[in-house]
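Following: one structure in structure tokens, then a few remarks.
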Amino acid sequence: MSTVTKGAMRMAKLRAERLSRAVPTLDLRRKQLNREILSWEEKMSELENLHHKLSYHYEKNPHPEIDFLVSIKDRTFVVLNIAGVSISAVEKVDFDVREYSVLMTPPSFDLFVNLRKELMEANEKYAAMKKGLELLGEELSVTTQRINLFEKRLIPMYKGEIRYIKGRLEDNERATVMVAKIAQAEMLAEKGAFEMA
Numbered sequence: 001m002s003t004v005t006k007g008a009m010r011m012a013k014l015r016a017e018r019l020s021r022a023v024p025t026l027d028l029r030r031k032q033l034n035r036e037i038l039s040w041e042e043k044m045s046e047l048e049n050l051h052h053k054l055s056y057h058y059e060k061n062p063h064p065e066i067d068f069l070v071s072i073k074d075r076t077f078v079v080l081n082i083a084g085v086s087i088s089a090v091e092k093v094d095f096d097v098r099e100y101s102v103l104m105t106p107p108s109f110d111l112f113v114n115l116r117k118e119l120m121e122a123n124e125k126y127a128a129m130k131k132g133l134e135l136l137g138e139e140l141s142v143t144t145q146r147i148n149l150f151e152k153r154l155i156p157m158y159k160g161e162i163r164y165i166k167g168r169l170e171d172n173e174r175a176t177v178m179v180a181k182i183a184q185a186e187m188l189a190e191k192g193a194f195e196m197a
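Just so you know, we're using my numbering here: the sequence shown kicks off at 1 and counts up by one.
Following this line, the structure appears as structure tokens:
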């Protein structure tokens, strides 16, 4: 416990009030993070469905050499600020397609090359979103821990400190009043004894 003064009690009140004001803001942030996590999970589910759909069509690929013709040249990332968390998302994927003879390949070959590109782009976007979802989850965990710390530990601790200091100050005040009354009674008794003599 801190020192038993009115200043210490005032400081404990200020700390408790400051933490009490922070809890609704943190709770709002927690709700916002939950909403964003649900939104990201829906987007990831859509990407996963797209991936399965593309994979299903790509499995019918009669040209296995396409896997060696298409590679990722560059990725363009954009930094998103989602509920105060900086997350990198894939904006664009550039591909390097080795040259092949258009005349020597069937028309479906170009279709499967484009399908391979879409599949690789979906994989890249999904991987980036998964990392973003992990970051949002970590931030949600930290925010929830802060709320619990404030509500269940710090605010009750400061309120207990305020009650303790208030009780001690009241005890000291009562003791001072009692000492003053006793001193006054003794002075009156001395004065009465002095006047009688």
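By construction, the Cβ of each residue, glycine as well, lies at the ideal position given by its N, Cα and C atoms.
Burial state of residue i (16 or more Cβ within 10 Å)
| i | result |
| --- | --- |
| residue 125 | buried |
| residue 36 | buried |
| residue 116 | buried |
| residue 30 | buried |
| residue 26 | buried |
| residue 83 | buried |
| residue 46 | exposed |
| residue 54 | buried |
| residue 140 | buried |
| residue 122 | buried |
| residue 87 | buried |
Reference residue i; option with closest CA among the options
| i | options | result |
| --- | --- | --- |
| residue 81 | 133, 147 and 173 | 133 |
| residue 142 | 33, 120, 21 and 181 | 33 |
| residue 148 | 66, 93 and 20 | 20 |
| residue 120 | 8, 166, 71 and 78 | 71 |
| residue 17 | 184, 75, 128 and 156 | 156 |
| residue 74 | 93, 63, 56 and 88 | 93 |
| residue 131 | 158, 40 and 49 | 40 |
| residue 8 | 179, 184 and 158 | 158 |
| residue 69 | 22, 128, 112 and 178 | 112 |
| residue 23 | 171, 150 and 96 | 150 |
Per DSSP, the bridge partner or partners of residue i
| i | result |
| --- | --- |
| residue 80 | 87 |
| residue 95 | 72 |
8 angstroms contact criterion, which residue i and residue j should meet: CB distance rounded
| i | j | result |
| --- | --- | --- |
| residue 128 | residue 89 | 5 angstroms |
| residue 91 | residue 78 | 4 angstroms |
(message) Quick test of the definition: if touching needs 3 or more C-beta pairs under 8 angstroms, does the segment 160-171 touch the segment 5-21?
(response) Yes, since at least three Cβ pairs between the segment 160-171 and the segment 5-21 fall closer than 8 angstroms, the two stretches touch.
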